[in-house]
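K.L.:
Numbering (my numbering), first residue to last: 17 to 639. By construction, the Cβ of each residue, glycine as well, lies at the ideal position given by its N, Cα and C atoms. Predicted model only: the values in this text are computed from it and were never measured. Before we start, here is the structure in question, set down as structure tokens.
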Amino acid sequence: MGVSEEIRRAIEELGFVSPMPVQEEVIPYLLGNRNDVIALAQTGTGKTAAFGIPILQRIDPRCRDTQALVLSPTRELCLQIADDLKDFSKYIDGINIVPVYGGTSIENQIRALRHGAQVIVATPGRLIDLKNRGVAKLGGISNVVLDEADEMLNMGFSESINEIFEGLPAERNTLLFSATMSREIEKIAKSYLHDYKEIVVGSRNEGAENVNHVYYMVSAKDKYLALKRIVDYYPRIFAIIFCRTKRETQEVADKLIHDGYNAESLHGDLSQQQRDLTMQKFRQHLTQLLVATDVAARGLDVDDLTHVINFGMPDDIESYTHRSGRTGRAGKKGTSIAIVHSREKSKIRAVEKQIGKQFVEGKLPTPQEICTKQLYKVMDEIVKVDVNEEEIAPFMEEINRHFEFMDKEDIIKKMVSREFGRFLAYYADAPDIEQPSGRQADREGRKDRKKGERGGRRKAEQGYRRLFINLGKDDGFYPGEVMQFINRNVDGRQEVGHIDLMGKFSYIEVPEKDANRVMRALNGTRYRGREVRCNDADEPKPATTRGKRGGSEKGRTSAFEKFEKKSKKRKEKERGGRGGDQFADNGDTGDWRQFFRNDGIKLKGEEPDFSEEGWARRKPKKK
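Following this line, the structure appears as structure tokens:
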């Protein structure tokens with residue numbers, strides 16, 4: 017493939033035997049040409065080596081200037097990429113790779129860059145800070161990589177990416193890696209890539225090939241009970257459980273820990289130190305179940321996940337694709353499970369259509385099936401225990417004396433019961449979980465869709481208020497953009513709960529105490545040239561007032577509007593659907609005068625009196 021001897025030696029020590037598909041496609045092309053590339057590949061398919069090896073091979077170690085830049089969405093991914101590049105360049109003398117990211121001291125990063133860094137791996141925000149301080153010098157960069165570009169856009173980094181690219185040389189090589197090809201990615205490609213080649217590993221916008229997709233339909237109140245059954249049925253499960261909000265994440269994790277499971281939470285309310293420790297324990301398999309939000313889990317790269325569990329479906333298909341793509345890596349099989357209530361069935365269908373793969377409707381395992389699985393696990397673990405004869409020899413006399421009155425069968429029963437008793441006790445009288453029938457699910461789903469069409473009327477979480485914003489996905493208003501927009505206009509860091517994104521508008525939940533402050537801060541601002549409206553989503557709409565042109569303080573439709581509507585319909589009918597755009601013609605004079613009289617409006621001559629005095633004198637007919 018043209019890879020240098022120094023890099024080959026390093027990657028052989030890392031256990032590389034043959035290239036993965038994305039590496040096979042990308043490496044020779046980048047080594048042989050200087051054209052731009054968009055590579056569509058799922059997370060965990062070997063992307064870092066695909067762009068890292070050619071970049072390192074093009075570096076001139078004798079020059080201390082920055083020659084390559086890798087942008088990543090999160091601190092965790094930034095560190096991971098930097099570590100991988102250092103491993104690949106182990107035998108190349110003089111190469112210095114520096115990761116820069118937020119949430120830690122900027123002074124150490126400034127010193128590292130001043131010492132010289134041929135490769136900078138950065139998160140966008142911190143890079144801009146260092147660039148503005150004159151420390152990160154981007155004028156000599158010849159290779160730029162945007163890793164997980166779709167994630168960066170979802171997190172609201174589009175403006176930061178634009179600012180960074182404006183400071184880069186025009187003559188450069190640009191590589192863009194993404195799991196999905198969205199409109200926003202295509203927009204970036206047109207703006208910053210030239211004559212690019214698109215390399216697709218797998219299928220466009222498709223989840224990992226080695227992932228099975230399963231959903232369990234339950235009532236909303238039974239979702240946690242269903243989660244416990246699924247986890248219990250897979251004794252060797254190693255999974256991320258995705259929740260929608262920070263509050264839900266912490267509640268689910270607390271319940272699992274209370275019920276004896278090896279689980280931890282990961283969300284934005286934790287300090288950076290807590291998050292780092294939690295992720296380190298999970299990578300080392302010291303934690304079996306990680307309950308996380310989408311944002312907190314970004315950049316968490318773990319190869320051996322057996323399952324991804326969606327504790328409810330995310331709002332957008334891209335989020336589901338990223339979630340499911342975290343399992344089934346490196347040729348291994350994985351399973352993506354969705355625990356949904358009947359109102360979320362439409363989301364399942366939408367994902368199926370997008371990824372081109374069918375979900376299997378799962379049937380929750382019975383208590384007997386779960387206990388059987390757990391029993392086999394206990395027996396298997398006992399059989400596989402290694403006995404250190406020398407270590408245990410001094411205690412055998414006491415052990416034999418203690419058990420001399422018990423036969424082998426009793427000892428086995430007691431040993432198994434000790435390990436297995438928790439499951440037997442729980443499932444002896446476990447609560448039933450009702451799974452809605454297909455017809456019932458469809459009926460409830462239709463009800464929910466109708467509610468959504470009327471404005472997505474769900475209640476805000478306790479202690480939160482739901483706000484309406486007249487911006488949606490069609491405006492490029494994704495979760496990251498929402499957070500960036502709010503924090504830019506509201507003083508201080510603003511806590512945000514659930515976010516519902518529609519095509520042309522959105523609903524956000526903020527703490528009750530902050531709601532008025534957020535509405536005042538956002539209302540009347542501008543977003544990409546549009547004036548922003550933000551108000552209480554659950555507050556009744558105020559009555560219509562039209563000042564001197566009419567209207568009703570009680571919110572009644574004005575007589576003028578009633579007649580205009582009636583007149584247009586009549587004209588359209590008479591003219592075969594054409595015209596009808598005038599208020600009324602001469603032939604309608606008597607009609608409109610009578611129409612206004614019926615509505616209690618006093619008339620002056622040939623025109624209705626629309627003045628405030630005229631409306632005040634109006635005497636509506638008694639019903």
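1) Check each candidate in Leu162, Gln83, Leu143, Ala133 and name the one with the smallest Cα separation from Thr64.
2) Which residues in the same chain have their Cβ closer than 6 Å to the Cβ of Ser340, if we skip the five residues on either side of it in sequence?
3) By Cβ distance, which residues of its chain are closer than 7 Å to Cys387, with the 5 residues on each side in sequence left out?
4) Cβ atoms of Val230 and Phe653: under 8 Å apart, would you say?
5) Indicate the three-state DSSP secondary structure (helix, strand or coil) for Ala446 in the structure shown.
6) Measuring CA to CA, which of Ile215, Ile257, Arg24 is closest to Ile246?
7) Should Val42 and Ala84 be called a contact, given that it needs their Cβ atoms to be closer than 8 Å?
8) Rank Phe327, Gly18, Lys361 by C-alpha distance to the C-alpha of Arg263 and give the top, closest one.
9) Start and end of the beta strand (DSSP E) containing Cys550?
10) Please tell me whether Val506 and Ile524 are closer than 8 Å, where the distance is taken between their beta carbons.
11) Please state whether the Cβ-Cβ distance between Thr13 and Leu169 is less than 8 Å.
12) On the criterion of 16 or more Cβ atoms from any shown chain inside 10 Å, does Ser281 qualify as buried, or is it exposed?
13) Determine whether the beta carbon atoms of Phe493 and Leu517 lie at a separation below 8 Å.
14) Excluding the five sequence neighbours on either side, which residues of its own chain have a C-beta within less than 6 Å of the C-beta of Ala55, listed in chain order?
15) Using three-state DSSP, classify His274 as helix, strand or coil.
16) In the region 328–387, which residue ranges form an unbroken beta strand (DSSP E) of at least 3 residues, counting only runs that do not cross its ends?
17) Could you check which residue in Gln510, Asn278, Asp490 has the C-alpha nearest to that of Tyr543?
18) Going straight from the alpha carbon of Gly378 to that of Cys94, what length do you get?
19) Using only CA atoms, which one of Gly545, Arg536, Arg546, Thr541 lies nearest to Asp552?
20) Cα-Cα, which of Arg299, Val268, Tyr232 is closest to Phe254?
21) Hey, would you say Arg188 sits closer than 8 Å to Val160, going by beta carbons?
22) Please say whether Gly156 and Asp705 have beta carbons closer to each other than 8 Å?
23) On the three-pair Cβ rule with 8 Å, is the region 390–404 touching the region 355–373?
24) So, helix, strand or coil for Tyr107, using DSSP?
25) Which whole-angstrom value describes the C-beta separation of Leu305 and Ala279, a residue pair presumed to lie in contact below a C-beta threshold of 8 Å?
26) Would you list the residues sitting across from Glu214 in a DSSP beta bridge?
27) Span of the beta strand (DSSP E) holding Ser281?
28) So what does DSSP say about Phe67, is it helix, strand or coil?
29) Going straight from the alpha carbon of Pro44 to that of Ala269, what length do you get?
30) List the residues that DSSP assigns as beta-bridge partners of Asn189.
31) Which of the three DSSP states is assigned to Ser194 in this structure?
32) Can you give me the Cβ contacts of Lys429 inside the same chain, cut-off strictly under 8 Å, excluding the 5 residues immediately before and after it?
33) If you run the structure through DSSP and keep just helix, strand and coil, what is Asp145?
34) My guess is that Val114 and Leu143 are in contact by the Cβ rule of under 8 Å, so how many angstroms apart are they, rounded?
35) From Tyr250 to Lys389, what does the alpha carbon distance come to, in whole angstroms?
36) Starting from the Cα of Ser358, find the closest Cα among Arg149, Ile204, Ala236, Ala446 and give me that residue.
P.N.:
This is what the structure holds:
1) Leu162
2) Gly223, Val227, Val324, Ser352
3) Phe439, Leu440, Tyr443
4) In the structure as shown, the chain starts at 17 and stops at 639, and residue 653 therefore has no counterpart that could be examined.
5) coil
6) Ile257
7) no
8) Phe327
9) 550–552
10) no
11) The structure shown does not extend to residue 13, since the chain is modelled only from 17 to 639, so the question has no answer here.
12) buried
13) yes
14) Val42, Phe193, Ile215
15) helix
16) 350–356
17) Asp490
18) 37 Å
19) Arg536
20) Arg299
21) yes
22) Only positions 17 to 639 of the chain appear in the structure, and residue 705 is not among them; the question remains open.
23) no
24) coil
25) 4 Å
26) Ile54
27) 279–282
28) helix
29) 45 Å
30) Asn159
31) strand
32) none
33) helix
34) The pair is not a contact, with the Cβ atoms about 11 Å apart (cut-off 8 Å).
35) 8 Å
36) Ala236
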